[in-house]
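Novice: For reference, the structure I am asking about is given below.
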C-alpha cells in the first residue's frame, strides 16, 4: 500500500472512532461486547472469547461483570444536574447501585473533580472495591448549592464473563508477531479508541499479504485482560513470539513516542527505533520507568515477551488524558494515519529482516554486472554506495536491520539492494532463526 493512499485510511479509522465513541466500555460487560462485535464486522476473522468471572489469573481474580443502565443526580428543585446518558464519564466505573437522597455535605465525599482542569470531567474507576461515585467538572461542582440531592445509579453485578477478541493470521513461519490493544475505557478517543481502530486497520492490511510471520492480534481489557490472556497462552507465547507492540494513544497529531520493553534491546525495540529515527527523528523517547499500560504484564519477570510501544503522544503526557477532554476533537485522520504508517512500516521491516551472506570471496566485480560505474573520475557520484556498504557487512553475523542502522538507510530500501544482489547470486538471504 502506497503512502499517498493512507489519507483515506486515516479517515476510515476516524469514522470507526466516531461510531464507537458513545459506548460505555469497562473491563467486563455489554460495552466491551458491543465494541468487539463492531470490530468483528470490520474483520470477520476476529473471534470473541469469554472467561468466567471469579477465574484466578496469576495473582489476580477476574471481578464480577458490571453493567449500567442509568445514573443521575437530581437537585432539590427536581432538575437533573448530572446525567450518565449525557456523558458516561459522569459515573465512577464499577459503581454499585444507589438510590437515596442525601445532603450536599455528604454527597461531596462521592464526587470527583479536577480543580486544575476546571472544565474537564475526570475518568475514575473502582474495579476491585465496591463503592459508588459521580464525576463532574470542577466548574460545575462550585455551583452546587447546599440542600438535598437525590442520587440514583441503576447498575448491576453478576457472575458473568470477561470478553476478549483474537485474530490469528497465519504466515509461512510459526514465529509470531503480537499486536495488543485494549477495549475497556468509556468515551475517550485517544486513550481508548485510537488503539483498537489502528489495530483493526493493521489486521485488514495483514490479511491482504503473504506474510512470513504469523500475527496474533488481541483486543483485551487493560491489565486484567492481558493477565487473563497470558495465563491461558504463556508457554505458547514465550516459545513463539519474537516481536510485538502494545498499541495505545495513537490518534493525536502532536508527536511520536517510543516506550521500550523491559529488556530494551529486543527486536521490537530495534525496529521501533529504526523506523522512528527515519520517519520522525524528533520523537520522544521514554524509558521502562515510564511504563503504564499492558507492557507491564507482557514484560514482567517470568513473562519477558519482546513487546515495545510506538505511540503518538504517550498516555499521561497530554492534558486531556483520562478526562472528558479526550474527545473526538483530540484525534484526527492525520494522527491516526501517522501511527498506522509507523506501525505498518515496522511490521514491513520485521518481515524483510534477514541475515545477508556474501557468496564470493573478496570484493565482487560489480561493474561486470552493471551494478557499479565502469569509469573512475574524481567526484563522480556513486549511486550504489549502499550496495558496497551492504556487502562489506554481509558476513553472516549481522541481520539486515543492524546493517541498515549502521549505514543509516531505511531497512525497506536496503532490502531492495539485498534482493538485487541476490538476483545476481552475490548474496544469500538467510531467514532469521
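Residue numbers (our numbering): 135 to 567.
The C-beta atom is built at its ideal place from N, Cα and C for all residues, glycine as well.
Keep in mind that this is a model prediction, so the values were computed, not measured.
With a threshold of 6 Å on Cβ separation, who are the neighbours of residue 304 within its own chain once the five nearest residues in sequence on each side are excluded?
Specialist: If we look at residue 304 and ignore the five residues flanking it on each side, its Cβ neighbours are 348.
Novice: Does the stretch 188-197 touch the stretch 275-289, meaning 3 or more C-beta pairs lie closer than 8 Å?
Specialist: Contact fails: fewer than three Cβ-Cβ distances are below 8 Å.
Novice: Quick one: Cα of residue 331 to Cα of residue 239, how far?
Specialist: The alpha-carbon atoms of residue 331 and residue 239 are separated by roughly 43 Å.
Novice: Given this structure, state the Cα-to-Cα distance separating residue 294 from residue 434, to the nearest angstrom.
Specialist: Straight-line Cα distance between these residues: approximately 28 Å.
Novice: Return the chain-ordered list of same chain residues with a C-beta closer than 6 Å to the C-beta of residue 266, the five sequence neighbours on each side being excluded.
Specialist: Excluding positions up to five away in sequence, the list reads 229, 230, 232, 287.
Novice: Could you check how far apart the C-beta atoms of residue 251 and residue 360 are, in whole angstroms? I think they sit under 8 Å.
Specialist: Not quite, the Cβ-Cβ distance comes to about 29 Å (not below 8 Å), so this is no contact.
Novice: Go to residue 339, then tell me how far its alpha helix (DSSP H) extends in each direction, as first and last residue.
Specialist: Here the alpha helix (DSSP H) through residue 339 covers 328-340.
Novice: Which residue from 462, 476, 311, 274 puts its Cα closest to that of residue 377?
Specialist: The candidate whose alpha carbon is nearest that of residue 377 is 311.
Novice: Helix, strand or coil: how does DSSP classify residue 529 here?
Specialist: Looking at residue 529 - three-state DSSP - the assignment turns out to be strand.
Novice: Looking only at its chain, what residues have a beta carbon closer than 6 Å to the beta carbon of residue 517, apart from the 5 residues adjacent to it on each side?
Specialist: For residue 517, the pLDDT reaches just 49, beneath the cut-off of 50, and the residue's location in the model is therefore unreliable, leaving the point undetermined.
Novice: Per DSSP, residue 350 is paired with what?
Specialist: The partner list for residue 350 (beta bridge, DSSP) reads 302, 312.
Novice: Could you pull out every unbroken alpha helix (DSSP H) segment of at least 4 residues lying fully inside the stretch 208-262, listed in chain order?
Specialist: For the stretch 208-262, whole alpha helix (DSSP H) runs of length 4 or above, ordered along the chain, are 238-241.
Novice: If I measure Cβ to Cβ from residue 222 and keep anything under 6 Å in the same chain, skipping five residues before and after, which residues do I get?
Specialist: Excluding sequence neighbours, residue 222 sits near 158, 320, 321.
Novice: Tell me residue 391's beta-bridge partners as DSSP assigns them.
Specialist: Note: residue 391 sits in a beta bridge opposite 418, 445.
Novice: Tell me, please, whether the CB atom of residue 550 is closer than 8 Å to any CB atom in chain C?
Specialist: Absent from the structure: chain C. Only one protein chain is present.
Novice: Given this structure, state the Cα-to-Cα distance separating residue 453 from residue 462, to the nearest angstrom.
Specialist: For residue 453 and residue 462, the distance between alpha carbons rounds to 15 Å.
Novice: With DSSP as the reference, please indicate the residues paired to residue 185 in a beta bridge.
Specialist: Paired residues: 296.
Novice: Starting from the Cα of residue 551, find the closest Cα among 519, 532, 540, 531 and give me that residue.
Specialist: Checked all of 519, 532, 540, 531; the closest Cα to residue 551 is 519.
Novice: State the start and end residues of the unbroken alpha helix (DSSP H) segment that holds residue 409.
Specialist: Looking at the DSSP string, the run of the alpha helix (DSSP H) that includes residue 409 is 401-413.
Novice: Apart from the five residues on each side of it in sequence, which residues of its chain come closer than 7 Å, Cβ to Cβ, to residue 409?
Specialist: 476, 479, 480, 483, listed in sequence order.
Novice: Can the beta-carbon of residue 333 be found closer than 8 Å to that of residue 405?
Specialist: Contact flag unset, no.
Novice: What does the Cβ neighbour count give for residue 370, buried or exposed, with the cut at 16 atoms within 10 Å?
Specialist: Answer is exposed; the Cβ neighbour count stays below 16.
Novice: With H, G and I counted as helix, E and B as strand and the rest as coil, what does DSSP make of residue 195?
Specialist: Correct three-state label for residue 195: strand.
Novice: Rounding to the nearest angstrom, what Cα-Cα distance links residue 407 and residue 235 in this structure?
Specialist: Distance between the alpha carbons of residue 407 and residue 235: 56 Å.
Novice: To the nearest angstrom, report how far apart residue 566 and residue 387 are at their CA atoms.
Specialist: Answer to the nearest angstrom: the Cα atoms are 35 Å apart.
Novice: With C-beta atoms as the reference, is residue 441 less than 8 Å away from residue 429?
Specialist: Cβ distance < 8 Å, so residue 441 and residue 429 count as in contact.
Novice: Taking the alpha-carbon of residue 423 as reference, which of 446, 178, 392 has the nearest alpha-carbon?
Specialist: Of 446, 178, 392, the residue nearest in Cα terms is 392.
Novice: Measure the alpha-carbon distance for residue 152 versus residue 525 and round it to whole angstroms.
Specialist: Spanning the two alpha carbons is a distance of roughly 50 Å.
Novice: What would DSSP say about residue 180, mapped onto helix, strand or coil?
Specialist: Residue 180: coil per DSSP, three-state reduction.
Novice: Tell me which residues share the same chain as residue 166 and place their Cβ nearer than 6 Å to its Cβ, disregarding the 5 neighbours each side in the sequence.
Specialist: Correct list, in chain order: 159, 297, 317.
Novice: Determine the contact status of residue 314 and residue 354, defining contact as a CB-CB distance below 8 Å.
Specialist: Cβ distance < 8 Å, so residue 314 and residue 354 count as in contact.
Novice: Can you tell me where the alpha helix (DSSP H) with residue 275 in it begins and where it stops?
Specialist: Residues 272-275.
Novice: If you draw a straight line from the C-alpha of residue 510 to the C-alpha of residue 530, how long is it?
Specialist: Residue placement at residue 510 cannot be trusted, given a pLDDT of 45 that sits under 50; the coordinates are not used to answer.
Novice: Secondary structure at residue 504, three-state DSSP: helix, strand or coil?
Specialist: If DSSP states are grouped into helix, strand and coil, residue 504 belongs with coil.
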